[in-house]
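The structure under discussion appears below in the form of structure tokens.
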Amino acid sequence: MAEPGRRHVLGGAAALGGAFALGGAAAAGRAVAAAGAAGASARPLALTHATLIAAPGVEPPRPGMTVVIRAGRITTVGRSAEIAAPPDAHVMDLRGRYVLPGLIDSRTDGDSGDGDSNNGDAPPVRRGVTTFAGSGSAPLDGVPSLWPESVSVRDAAAARRAVRRAGEAGAAFVRVHPRLSREAYLAVAEEAGRRQLPYAGHCPDAVPLAEASDAGQRTVEHLHALLLAASTREEEIRRGLARVRVAAGADPYGDWLRQIHRLEWTAVHSYYPDRADRLLDRLAANGTRITPALTARSDPQGPDAAQLRGIRAHRLHLVAELHRRGVPLLAGSAPGGDLHEELEQLADGAGLGAAAALRAATVEPARALGLAHRIGTVAPGRAADLVVLAPGADPLRDVRAVRRTDAVVVRGRLYAEGVPTPAAMIRPTRESGEASSPFASVELTE
Numbered sequence: 328m329a330e331p332g333r334r335h336v337l338g339g340a341a342a343l344g345g346a347f348a349l350g351g352a353a354a355a356g357r358a359v360a361a362a363g364a365a366g367a368s369a370r371p372l373a374l375t376h377a378t379l380i381a382a383p384g385v386e387p388p389r390p391g392m393t394v395v396i397r398a399g400r401i402t403t404v405g406r407s408a409e410i411a412a413p414p415d416a417h418v419m420d421l422r423g424r425y426v427l428p429g430l431i432d433s434r435t436d437g438d439s440g441d442g443d444s445n446n447g448d449a450p451p452v453r454r455g456v457t458t459f460a461g462s463g464s465a466p467l468d469g470v471p472s473l474w475p476e477s478v479s480v481r482d483a484a485a486a487r488r489a490v491r492r493a494g495e496a497g498a499a500f501v502r503v504h505p506r507l508s509r510e511a512y513l514a515v516a517e518e519a520g521r522r523q524l525p526y527a528g529h530c531p532d533a534v535p536l537a538e539a540s541d542a543g544q545r546t547v548e549h550l551h552a553l554l555l556a557a558s559t560r561e562e563e564i565r566r567g568l569a570r571v572r573v574a575a576g577a578d579p580y581g582d583w584l585r586q587i588h589r590l591e592w593t594a595v596h597s598y599y600p601d602r603a604d605r606l607l608d609r610l611a612a613n614g615t616r617i618t619p620a621l622t623a624r625s626d627p628q629g630p631d632a633a634q635l636r637g638i639r640a641h642r643l644h645l646v647a648e649l650h651r652r653g654v655p656l657l658a659g660s661a662p663g664g665d666l667h668e669e670l671e672q673l674a675d676g677a678g679l680g681a682a683a684a685l686r687a688a689t690v691e692p693a694r695a696l697g698l699a700h701r702i703g704t705v706a707p708g709r710a711a712d713l714v715v716l717a718p719g720a721d722p723l724r725d726v727r728a729v730r731r732t733d734a735v736v737v738r739g740r741l742y743a744e745g746v747p748t749p750a751a752m753i754r755p756t757r758e759s760g761e762a763s764s765p766f767a768s769v770e771l772t773e
């Protein structure tokens, strides 16, 4: 049952459909899968003898562990040798398998929760994605907007009205886009702060990254603003940004991006490590999170391909520096990529390693959403969102192992062989009744 007085949002995902194999699990596992299909059973589910990664990048893996789930929540976590499964439980023996928290997609440039996470053959649940960090409201952009789904905001008064409407509609946070004017952005920051409503998204072209961080922007998507701010030619580049014009037409985003890439290329060749270090320390001190979105246009083509590959290589270097300086990173899918690919880019492309990459898709986004008490880790009281990997698939040795997903538990329901994946993803929403967190708990029931 939903807790009284709390507001919840189910992400408007399209039907995900389909099924996937349990990869050689015992018949008992198949029986559990069948039970999961029938609905939220009163009987608990016990995952036994698993190697548990309860908090990726924070705690080491623990072999021989049992996780007991009842009514959509984790009730018990402990050593299988010391904990007996409840006598009425469905039991899954997971010897030789890793279990980790459900993945959280801090997706960028799209907030639809549309069921295919922008790319790939498998629906998100089949890839272990159990939560989308969507705001639940249209992003705010300037005039003209880069995306048709955005709300075009012309001035500070319009910005304040848009924030008020988002808050009244129960949005989890206000999302800002690149073409928002500095006047409108500062109005968003002021109104959102007054309402204790977080704001996140792009760093607008008209606002330096340090100013956005100081103003309280919770997360910043993409690395454009960071790259420009680390340049010895920042003032010149900012004058170039002020001259960027986007005509309303078939591809305003592409038009904007081509102009930004030219400025990024200038920034790459005027990068100054000391400037970068000072800025990264400021981001870390402010608790500003960065969603790099490395899979966006990860395989450039055309006449500018060599230049774009050079920019991309520098972005990977910046991600490594962000990690080194203690700036929290979030993994988010972007057009042209999926969350698994993003994890691989973080782990291998930027050299963060598998544990840090997995942390960016579990522990850190849960903290960014104000939902660390509900999702992102495996512990008693948390939502029962879990990923069960195939035998021998060790995601800490090679993050590609998360592609070998055998089963997924979503709010206590097991999705595996012969069991349809859920028709909607769960997304957070703002909760006005809990002062310690601006977000509601996730919905744990059907």
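In my numbering, the protein residues as written are 328 to 773. Each residue gets a CB set at the ideal place from its N, CA and C atoms; glycine is no exception.
Got a sec, what are the start and stop residues for the alpha helix (DSSP H) residue i sits in?
i, result
"Asp-601", "600 to 613"
"Leu-309", "With the chain represented from 328 up to 773, any question about residue 309 goes unanswered, as that position is not in the structure."
"His-551", "551 to 556"
"Gly-567", "561 to 569"
"His-644", "632 to 651"
"Leu-696", "From DSSP, Leu-696 is part of no alpha helix (DSSP H); its letter is neither H nor E."
"Ile-587", "579 to 595"
"Gly-494", "483 to 495"
"Val-515", "509 to 521"
"Leu-685", "681 to 686"
Can you grab the Cα-Cα spacing for the pair residue i / residue j, in whole Å?
i, j, result
"Ala-542", "Val-470", "23 Å"
"Glu-538", "Pro-414", "57 Å"
"Val-714", "Val-705", "11 Å"
"Ser-472", "Val-480", "9 Å"
"Ile-431", "His-700", "14 Å"
"Ala-465", "Ala-498", "9 Å"
"Asp-482", "Gly-423", "58 Å"
"Arg-774", "Leu-685", "One cannot answer for residue 774 here, as it falls past the ends of the chain, which runs 328 to 773."
"Val-456", "Gly-429", "6 Å"
"Ala-527", "Leu-723", "30 Å"
"Phe-500", "Leu-643", "28 Å"
"Ile-564", "Arg-389", "50 Å"
"Asp-438", "Ala-411", "Only weak support is given to the placement of Asp-438: the predicted model assigns it a pLDDT of 48, under 50, and the question is left unresolved by the model."
"Pro-505", "Val-490", "17 Å"
"Glu-476", "Ala-647", "33 Å"
"Asp-468", "Leu-507", "5 Å"
"Arg-492", "His-417", "45 Å"
"Val-385", "Gly-461", "25 Å"
"Phe-459", "Arg-434", "7 Å"
"Thr-403", "Leu-421", "16 Å"
"Arg-560", "Leu-553", "13 Å"
Would you call residue i buried or exposed, if buried means 16 or more other Cβ atoms sit within 10 Å of its Cβ?
i, result
"Asp-712", "buried"
"Gln-523", "exposed"
"His-549", "buried"
"His-641", "buried"
"His-551", "buried"
"Arg-709", "buried"
"Gly-494", "buried"
"Glu-669", "buried"
"Gly-581", "exposed"
"Arg-397", "buried"
"Pro-692", "buried"
"Ser-558", "buried"
"Pro-525", "buried"
Apart from the five residues on each side of it in sequence, which residues of its chain come closer than 6 Å, Cβ to Cβ, to residue i?
i, result
"Arg-694", "none"
"Ala-720", "Ala-728, Arg-731"
"Leu-568", "Asp-532"
Tell me which same chain residues have a C-beta within less than 7 Å of the C-beta of residue i, skipping the five on either side of it?
i, result
"Ala-556", "Pro-535, Leu-536, Ala-537, Leu-606"
"Ser-407", "Thr-375, His-376, Gly-391, Met-392, Thr-393"
"Gly-351", "Because Gly-351 sits at a pLDDT of 34, beneath the cut-off of 50, its placement in the model cannot be relied upon, and the following sentence gives the value as read from the coordinates. Answer for Gly-351: Pro-718, listed in chain order."
"Ile-638", "His-588, Glu-591, Trp-592, Val-595"
"Ala-611", "Arg-652, Gly-653, Val-654"
"His-650", "Leu-656, Leu-679, Ala-683"
"Ala-688", "Leu-430, Ile-431, Ala-658, Leu-666, Leu-670"
"Arg-487", "Ala-514, Glu-518"
"Ala-382", "Val-690, Thr-704"
In the DSSP assignment, the beta strand (DSSP E) including residue i goes from what residue to what residue?
i, result
"Glu-548", "546 to 548"
"Val-418", "417 to 420"
"Ala-537", "Where Ala-537 is concerned, there is no enclosing beta strand (DSSP E), although the alpha helix (DSSP H) it sits in stretches over 536 to 542."
"Thr-704", "From DSSP, Thr-704 is part of no beta strand (DSSP E); its letter is neither H nor E."
"Pro-390", "389 to 397"
Give me, in chain order, the residues of the same chain whose beta-carbon lies closer than 8 Å to that of residue i; leave out the 5 immediate sequence neighbours on both sides.
i, result
"Val-426", "Leu-374, Ala-377, Thr-378, Leu-379, Ile-380, Met-392, Val-394, Val-705, Leu-713, Val-714, Val-715, Leu-716"
"Gln-634", "His-588, Trp-592"
How about the region 610 to 619 and the region 651 to 660: do they share at least three Cβ pairs that are nearer than 8 Å? yes
For the structure I just gave you, are there three or more beta carbon pairs, one from the region 715 to 730 and one from the region 675 to 694, closer than 8 Å? yes
Quick check: the region 572 to 583 against the region 591 to 603, are there 3 or more CB pairs under 8 Å? No, because fewer than three Cβ pairs between the region 572 to 583 and the region 591 to 603 fall closer than 8 Å, the two stretches do not touch.
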